[in-house]
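Numbering (the numbering used here), first residue to last: 246 to 446.
Ideal Cβ placement from N, Cα and C applies to all residues, glycine included.
From a predicted model like this one, the values you see are computed outputs, not experimental measurements.
Let me begin by presenting the structure, written as structure tokens, before commenting on it.
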Ligand SMILES: [Zn+2]
């Protein structure tokens, strides 16, 4: 891939990660290859032509931590409430452009509880008053982070699909029920036991 003709590092990162997704990622639900959305489309970077599902790509040199930067706070809350949020794809790569980890977060796990507002930009800023947000992905259960690539190793598409479709029942719930259930799943998973009891001691 000829990245040298792109001068800015952010442009180079974008071209690299988009190309990688186009040639390596299939729709986790149906395994069809994803197509790039037209450049002027807001938020949605890739679309599955079979499911019509939309995917937003975030890429980072190094690793993603528990907090992932996102766009405007209110737009994120609105799109979650409307049930039309895209799935997120988090791609991390090394300084020599080797893909280390790729994780997909199904939109069924994008809940208001993980959206943290950032302070609005101060009056000296060009976009004064604009308020962004971060996503606290550490609050999600493991089921909400489906790995395509883990520590440089690509997983079989069938494994990704079965993991992705295992939580499809959440799609039938409204956003507030999904929020409650997702956080409960997260707590139950953190206990790490097959059986537990709610009795107070
Ligand atoms: Zn699909």
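Could you tell me which of 363, 280, 284 sits nearest to residue 312, measuring between CA atoms? The residue you call residue 312 lines up with position 67 of the chain shown. Residue 363 is the option with its Cα nearest to residue 312.
Could you tell me the distance, in whole angstroms, from the CA atom of residue 292 to the CA atom of residue 442? Residue 292 sits at position 47 when you count from the first residue of the chain shown. Residue 442 sits at position 197 when you count from the first residue of the chain shown. Distance from the CA atom of residue 292 to the CA atom of residue 442, rounded to whole angstroms, is 43 Å.
What are the boundary residues of the beta strand (DSSP E) that residue 346 is part of? Taking the first residue of the chain shown as 1, we reach residue 346 at position 101. In the DSSP assignment, residue 346 falls within the unbroken beta strand (DSSP E) covering 344-350.
What does a CB cutoff of less than 8 Å around residue 448 pick up in its chain, not counting 5 residues either side in sequence? A question about residue 448 goes unanswered here, because the residues of the chain that appear run from 246 up to 446.
May I have the straight-line CA-CA distance separating residue 330 from residue 350, to the nearest angstrom? Working through the chain shown from its first residue, we reach residue 330 at position 85. Working through the chain shown from its first residue, we reach residue 350 at position 105. Each residue's Cα considered, the two are about 11 Å apart.
So, for residue 318: in the same chain, excluding its five sequence neighbours on each side, which residues have a beta-carbon less than 8 Å away from its beta-carbon? The residue given as residue 318 occupies position 73 in the chain shown. For residue 318, where only same-chain residues beyond five positions count, the Cβ hits under 8 Å are 360, 362, 363, 376, 377, 378.
So, under 8 Å CB-CB, residue 391 and residue 273 are touching, yes? Tell me the CB distance rounded to an integer number of Å. Stepping through the chain shown from its first residue, residue 391 is reached at position 146. Stepping through the chain shown from its first residue, residue 273 is reached at position 28. The Cβ separation is near 6 Å, so the contact holds.
Can you tell me the Cα-Cα spacing of residue 388 and residue 358, whole angstroms? Translated into positions along the chain shown, residue 388 becomes position 143. Translated into positions along the chain shown, residue 358 becomes position 113. Spanning the two alpha carbons is a distance of roughly 17 Å.
Residue 408: first and last residue of the uninterrupted beta strand (DSSP E) it sits in: Translated into the one-based positions of the chain shown, residue 408 becomes position 163. Not the beta strand (DSSP E): residue 408 falls in the alpha helix (DSSP H), residues 402-410.
With distances taken between CB atoms, is the gap from residue 325 to residue 420 smaller than 8 Å? The residue given as residue 325 occupies position 80 in the chain shown. The residue given as residue 420 occupies position 175 in the chain shown. Cβ distance < 8 Å, so residue 325 and residue 420 count as in contact.
With distances taken from CA atoms, which of 385, 267, 298, 397 is nearest residue 339? Your numbering for residue 339 matches position 94 in the chain shown. Of 385, 267, 298, 397, the residue nearest in Cα terms is 397.
What residue does the beta strand (DSSP E) around residue 338 start on, and which one ends it? For the purposes of this step, residue 338 is taken as the residue at position 93 of the chain shown. From DSSP, the beta strand (DSSP E) with residue 338 extends over 332-338.
Mind checking residue 334: buried by the 16 CB within 10 Å criterion, or exposed? Against the chain shown, residue 334 aligns to sequence position 89. With 16 or more Cβ atoms within 10 Å of its Cβ, residue 334 is classed as buried.
Who are the Cβ neighbours of residue 404 in its own chain at under 6 Å, not counting the five residues just before and after it? The residue you call residue 404 lines up with position 159 of the chain shown. If the five residues before and after residue 404 are omitted, its C-beta is found closer than 6 Å to no C-beta atom of its own chain.
Contact check, residue 372 vs residue 423, beta carbons under 8 Å: Working through the chain shown from its first residue, we reach residue 372 at position 127. Working through the chain shown from its first residue, we reach residue 423 at position 178. No, these two residues do not count as a Cβ contact at 8 Å.
From residue 415 to residue 300, what does the alpha carbon distance come to, in whole angstroms? Within the chain shown, residue 415 is the residue found at index 170, counting from 1. Within the chain shown, residue 300 is the residue found at index 55, counting from 1. Using only the alpha carbons, I get a separation of about 18 Å.
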